[in-house]
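Okay, so here's the structure we're looking at.
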Amino acid sequence: MTMGILLIMFALIATIVSGWQYWTIAISEKQQKRKTKNGYLPNFASARRGFYVMTGLVSLASAFLLYLILSHHFQVDYVYRYSSMDLPFGYLISSFWAGQEGSFLLWALLIALMGLVFIKTAGQFEAVAMLVINGVLVFFLAILLKASPFELLSQTPPDGAGLNPLLQNPWMVIHPPMLFVGYAAAAFPFALAIAALIRREYSAFIAKALPWTVFTSLTLGAGIIIGGYWAYKVLGWGGYWGWDPVENSSLVPWLTTLALIHGLLVQRKTGALPRVNFLLTIFTFALVIYATFLTRSGVLADFSVHSFQDLGINLYLVMFIMAILVTGVTVLRSRHQHIQFQELNLTTLNREAILLSSMLVFSLSAFLTFIGTSSPLFTGLVGKPAQVDTSFYNIVHIPIGIALALFLGFAPYLRWESTNNLLKTLLPSLIFTIVSTAVAFWFGMTEITKLTFTAAAAFAFWSNLFVTVKLFRINWLISGAPLSHVGVALLLIGIIVSATFDTAQQFVLERGVPVQVMDHQLLYQGVTPAVNGKNVVNIRVSSEGGNYIAQPRFYYSEYNRSTMREPDVKAGLLGDIYISPIEIRNTAQTASNAQVLRLTKGETKQFKDMQITFDQFEIGEHAGSNQMKVGARLTINSGENTFHAIPAVIFDGGQNRSENAEILFNQAGKQQKITVILNGLDANQKTIELQLEGLNENSLPITEAKELLIIEISRKPFMSVLWIGTIIITLGAIIALLNRMSPPVNLTKNNKEHYHDTIKKVSELSN
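Note that this note's numbering has the sequence shown beginning at 1, numbered continuously upward.
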């Protein structure tokens with residue numbers, strides 16, 4: 001038994017002791033009246049000491065794991081699997097959370113550290129809430145004993161397996177910890193909800209829970225945004241959000257957190273929706289653990305490139321989800337009849353109605369995304385697991401996005417009771433919205449759905465921009481919400497414009513031969529080997545605006561046993577130039593009748609009079625220390641004839657060469673020969689690209705050897721607007737959090753009048 005495992009065991013004991021002490025406080029009214037000279041209850045002191053000891057032990061265990069990684073103790077299985085001697089210091093640090101065991105330890109550490117702050121701020125909710133937090137930590141520490149990052153190998157390898165090359169990126173050093181901060185923070189609104197229900201202090205819950213809920217939304221949202229930016233800059237498929245099930249599993253609790261924030265604002269002002277808010281709090285934390293279950297259970301292994309293998313902890317995760325739901329729903333049900341609330345005033349268009357509508361939109365989005373994400377699990381219960389097509393998410397979220405944007409546009413102008421002269425107040429925003437929509441139409445956006453989406457997003461942008469400027473002049477702390485809404489509007493505009501006007505084409509570049517692509521001239525200058533193995537492809541890009549060297553990366557990864565591609569992104573204010581390498585080939589000049597075909601494993605496509613099926617990959621043995629052969633087994637049906645072919649690519653020290661397959665058959669009384677070339681493959685996506693030559697008698701002879709680069713180049717307009725929107729969302733959330741943590745803004749009489757007159761005066765901005 002290693003020191004790390006002992007530290008986790010003692011931390012588990014300390015957590016149980018602390019939880020027991022908090023339990024005795026929670027059930028004993030008499031003990032709550034006997035205070036010590038320091039003003040604390042005797043059991044509070046011991047309960048806190050137990051939590052402090054646990055936090056110290058988890059911190060020591062984390063520091064010990066980090067020491068093992070930095071000092072290359074490859075006898076530790078986790079260190080061997082996720083680090084190596086040649087990793088830079090920053091990526092050695094990220095090895096800590098690269099695997100499941102380390103990320104669970106990070107999660108437990110973050111909850112423990114946040115608990116130190118929570119103890120000081122929980123007030124009357126401390127006993128019950130900290131009992132819940134200790135219960136959560138018992139789960140994580142039990143997981144760490146079942147799947148420990150400190151397990152030893154029977155022998156000490158000379159080097160580690162290394163870190164996935166895709167994770168060797170600065171954004172991936174930040175992305176997972178930020179997500180786990182959000183996951184950890186989600187435990188505290190849940191704990192406060194249970195405490196408020198048990199203590200019957202339903203209104204006091206709002207002031208305590210709202211800052212934690214905003215913090216959860218801020219960090220979880222920032223983690224999702226960083227992950228999207230990493231995907232855009234590194235993965236090379238040209239997008240930032242692919243509705244991958246693992247990506248969605250983080251999105252769902254973020255959406256319910258946003259719904260909860262709006263619900264708490266309604267409850268704080270009107271006294272309405274307390275039951276709904278308690279239910280949202282419970283479901284949000286359950287969804288966080290459910291996201292972990294989907295990611296780590298192996299359920300999504302065939303549907304997501306992000307999923308982990310099963311560590312045998314599925315039962316633990318399912319039991320924890322059930323414990324959260326059963327505990328939360330049972331306590332809520334027991335207090336259901338005693339929770340007093342006010343009816344919402346929905347007879348007029350007011351702020352209550354808009355906030356409630358926003359809650360419904362976020363909840364609907366979360367529900368539909370949850371259903372789509374969970375489809376492999378649900379369908380697997382009755383048959384073969386299957387997932388919904390990504391078009392499902394796009395279709396259902398277009399009306400959701402339009403509705404959300406409209407609500408955001410109305411929100412800053414509405415008051416709680418009723419709003420007078422709304423049309424007059426909205427007039428400047430409506431004028432700017434019409435102009436913005438006309439500009440979009442002028443540039444070629446003619447589809448009515450997209451125009452409606454754009455108009456709604458523009459309305460949200462102008463409305464919130466005007467109000468943000470006014471509120472910022474009064475007190476910048478009260479501008480957080482409309483500023484975030486400005487960011488959401490820009491995000492929506494960036495999404496719809498980039499999707500509408502995105503253009504992409506594939507080209508074959510011959511080394512040293514310039515090619516005109518769109519309004520750029522591209523010159524392939526060859527490959528530069530890199531020390532880290534990520535070979536750089538050099539492409540000179542020339543245009544009237546200037547010249548630059550695009551440097552996408554193309555290399556073979558022993559870790560993934562596949563070819564990896566990283567794009568070059570030239571960011572601009574109005575759009576990005578996105579160049580992604582597909583294949584580098586040293587081959588003879590491509591015949592004029594060559595055809596390209598893409599297939600996914602198991603897929604059959606009709607090509608001319610043939611049906612071509614990609615059956616599976618075939619991995620050959622290493623021909624040498626740096627060589628690997630990867631083939632694609634194909635079944636080709638032509639009339640009554642069936643052929644099998646295995647074109648392959650041989651990876652040799654970063655250089656690739658093709659091993660072609662040839663098929664001879666008779667067609668219309670003439671012998672026909674087809675050469676099948678494996679242009680490229682992606683083991684993660686289980687896709688291949690084939691090139692077929694010699695499909696007719698007019699084939700040109702293969703002559704001079706050439707070095708060819710196949711690329712996809714795309715122009716992505718308004719991507720900068722999208723990313724600026726995400727930054728503004730985050731900035732607005734930070735301001736809102738600071739406002740929740742600060743004393744209430746004490747406006748002077750003049751400022752109050754100025755504040756209430758703000759909406760009226762906004763209309764003057766356009767005059």
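Glycine residues also receive a C-beta, built at the ideal position from the N, C-alpha and C atoms. Please read these numbers as outputs of a predicted model, since none were measured by experiment.
The DSSP-derived three-state label of VAL382 is coil. Cα atoms of LEU681 and SER148: separation of roughly 35 Å, rounded to the nearest angstrom. Within its own chain, the residues whose Cβ lies closer than 6 Å to the Cβ of ASP77, once the five positions on either side in sequence are excluded, are GLU151, LEU153, listed in chain order. Residue range 610-619 is occupied by the beta strand (DSSP E) that includes PHE614. The beta carbon of LEU325 sits closer than 6 Å to the beta carbons of ALA286 from its chain, once the five residues preceding and following it are set aside; these are given in chain order. In the same chain as MET445, and ignoring 5 residues on each side of it, the C-beta atoms closer than 7 Å to its own belong to LEU451, THR454, THR500, in chain order. With contacts defined as CB atoms closer than 8 Å, LEU255 and ALA366 qualify as a contacting pair.
Taking 4 residues as the minimum length, the alpha helix (DSSP H) runs contained wholly in the region 391-454 are 422-442, in order along the chain.
Beta-bridge analysis with DSSP links LEU152 to VAL76. Nearest neighbour of MET130 by Cα position, chosen from GLY242, ILE194, VAL181, turns out to be ILE194. Closest in C-alpha terms to LEU273, from the list LEU355, MET322, GLY221, LEU167, comes LEU355. The beta carbon of ILE282 is closer than 6 Å to those of GLY328 in its chain, skipping five residues each way along the sequence. Judged by beta-carbon spacing, PRO253 lies within the 8 Å limit of ALA186, meaning their Cβ atoms are closer than that value.
The criterion of a C-beta distance shorter than 8 Å is satisfied by TYR229 and TRP723.
Counting along the chain, the unbroken alpha helix (DSSP H) around MET172 starts and ends at 170-185. Beta-carbon to beta-carbon, LEU317 and ILE289 are separated by about 6 Å, close enough to satisfy the 8 Å threshold.
Shortest Cα-Cα distance from ILE13 to any of ARG49, ASN421, PHE125 involves ARG49. For MET322, the number of other beta carbons within 10 angstroms of its own is below 16, and it is reported as exposed. Counting C-beta pairs closer than 8 Å gives fewer than three between the region 713-730 and the region 595-608, which falls short of the contact rule.
Here ALA161 carries a coil assignment [DSSP, helix/strand/coil]. DSSP assignment within the region 239-288 yields the following whole alpha helix (DSSP H) runs of 4 residues or more, N-terminal first: 245-270. THR563 and ARG415 have their alpha carbons spaced roughly 57 Å apart.
The shortest C-alpha to C-alpha distance from LYS608 to any of GLU712, ASN277, GLU693, GLN505 is the one to GLU693. If the five residues before and after MET172 are omitted, its C-beta is found closer than 7 Å to the C-beta atoms of SER94, TRP230, all from its own chain and listed in chain order.
Per the C-alpha coordinates, the member of ILE727, LEU708, GLU101 positioned closest to LEU490 is ILE727. A distance of 8 Å or more separates the beta carbons of GLN521 and SER498. Only residues of its own chain outside the window of five on either side were considered, and among them ALA458 have a CB closer than 6 Å to the CB of SER436, listed in chain order. Taking C-alpha positions only, LEU471 is separated from ALA438 by approximately 29 Å.
Partner residues in the beta bridge of MET564, as assigned by DSSP, are TYR555. Here LYS208 is buried. Its C-beta has 16 or more other C-beta atoms within 10 Å. Counting along the chain, the unbroken alpha helix (DSSP H) around GLN100 starts and ends at 100-121. Spanning the alpha carbons of LEU364 and ASN248 requires a straight line of approximately 14 Å.
Here ALA184 is near LEU110, since their CB atoms are less than 8 Å apart. Secondary structure at ALA632: strand, using DSSP grouped into helix, strand and coil. Residue pairing from DSSP places PRO581 in a beta bridge opposite ILE711.
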